[in-house]
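Asks: In terms of the working numbering, the sequence shown opens at residue 4 and continues consecutively. Glycine is no exception: its CB is placed at the ideal position from the N, C-alpha and C atoms. Pasting a structure below so you can have a look.
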Amino acid sequence: MITRFAPSPTGPLHLGHAYSAILAHDMARAAGGQFLLRIEDIDQTRARPAWEAQIADDLAWLGLTWDGPVLRQSQRMSLYYGVIDDLWRKGHLYICTCTRRDIHAALSAPQEGGPDGPIYPGTCKGRRSTAATPPRDAVLRFDLDTFTDQAISFQNNGLRVDVTLDDLRRDVGDFVIGRKDSGTSYHLSVVIDDAAQDITDVVRGADLAAATQIHVALQRVLGLPTPRYHHHDLIRDAAGKRLAKRDDAKSIAKFRAEGISPAGIRQMVGLAP
Ligand code: GLU
């Protein structure tokens, strides 16, 4: 078993992150497997080395150890671009110039939206380019019309989940592979790196559960294995609100400063040793 913790260094580690990291760590250790650390810092406008250092320090303080070198996504851009170019050459991608406002205006009816917001109405679909490689500063969408499997399946929390191509069209739409700000998208880089690190079990918060169908679809297109997924409940504050990175009040650093012990943190998230 190989699990991982994959934080984005855009803020302090809080209780929710600690919960995720401890779960993934303990699961691997209990199985005699490995626990890996990956820094998801593709968004260089928000990622800070100081946050990364703090994350590593907090994890070590919590008593978590990780195996092998830390994988840093910002150092793997050329690899992601190589995969994007390949998807482009195979006709899977198109350039999307829609603004958020354009997308809302084109929606025929109000909708709940998918993992990344409103389901893209397909305005730019069909726009073709003869360029050998796509621009690096454009939004590139995956054209679901080029997806050849009629259904995908994966394991989530021990249960088999089946998703048909029609489900993908309805609940996800043409998702983003290349972004203006960060070149690659979270979906693409997470899939490439879970495979590169031979992750067998992805442990993460329920907020990412809906994105999993995108990841599995991409694994099919790229010929990559599908790990088992485990999505855990989110830690909420006393008012029931989900903890966000900006909630410094619940940051591990703050608890440390107040003299709480690592065992105390484990108790707070219900994972006492
Ligand atoms: N980097 C993501 C985050 O900080 C987590 C990605 C994942 O676990 O798949 O929310």
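Apart from the five residues on each side of it in sequence, which residues of its chain come closer than 7 Å, Cβ to Cβ, to D105?
Replies: T126
Asks: Please list, in chain order, all residues of the same chain as E43 whose beta carbon is under 6 Å from its beta carbon, the five residues on each side excluded.
Replies: Only A9, S11, Q76 meet the Cβ criterion.
Asks: Less than 8 Å between the C-beta atoms of Q47 and L16, yes or no?
Replies: No. Outside cutoff.
Asks: Counting along the chain, where does the beta strand (DSSP E) carrying F38 start and finish?
Replies: 37 to 42 is the extent of the beta strand (DSSP E) around F38.
Asks: Output the distance between the C-alpha atoms of R167 and D174, rounded to the nearest integer angstrom.
Replies: For the record, residue 167 in the displayed sequence is Thr; it is not Arg. The alpha-carbon atoms of T167 and D174 are separated by roughly 10 Å.
Asks: Under DSSP, the beta strand (DSSP E) around L96 begins and ends at which residues?
Replies: For L96, the enclosing beta strand (DSSP E) covers residues 96 to 99.
Asks: Within its chain, find whatever has a CB closer than 6 Å to the CB of D152; leave out the 5 residues flanking it on each side and keep chain order.
Replies: R223
Asks: Start and end of the beta strand (DSSP E) containing H233?
Replies: Taken as a continuous stretch (DSSP letters only), the beta strand (DSSP E) holding H233 covers 231 to 235.
Asks: Any heavy atom of ligand 1 inside 7 Å of the beta-carbon of V193?
Replies: Result yes, Cβ under 7 Å from ligand 1.
Asks: For the alpha helix (DSSP H) that contains D88, what are its first and last residues?
Replies: 80 to 92
Asks: What are the residues that DSSP puts in a beta bridge with R7?
Replies: L39
Asks: For D119, I'd like the list of residues in its chain whose CB is within less than 7 Å of its CB, leaving aside the five on either flank, ordered along the chain.
Replies: F178, V179
Asks: What's the C-alpha gap between I5 and D204?
Replies: Taking the straight line from one Cα to the other gives about 6 Å.
Asks: Should A9 be counted as a contact of ligand 1 given a C-beta to heavy atom distance under 7 Å?
Replies: In this structure, A9 has its beta carbon less than 7 Å from a heavy atom of ligand 1.
Asks: Could you name each continuous beta strand (DSSP E) segment of 3 residues or more that falls completely within the segment 101 to 185, going from the start of the chain to the end?
Replies: 142 to 145, 154 to 159, 162 to 167, 179 to 182
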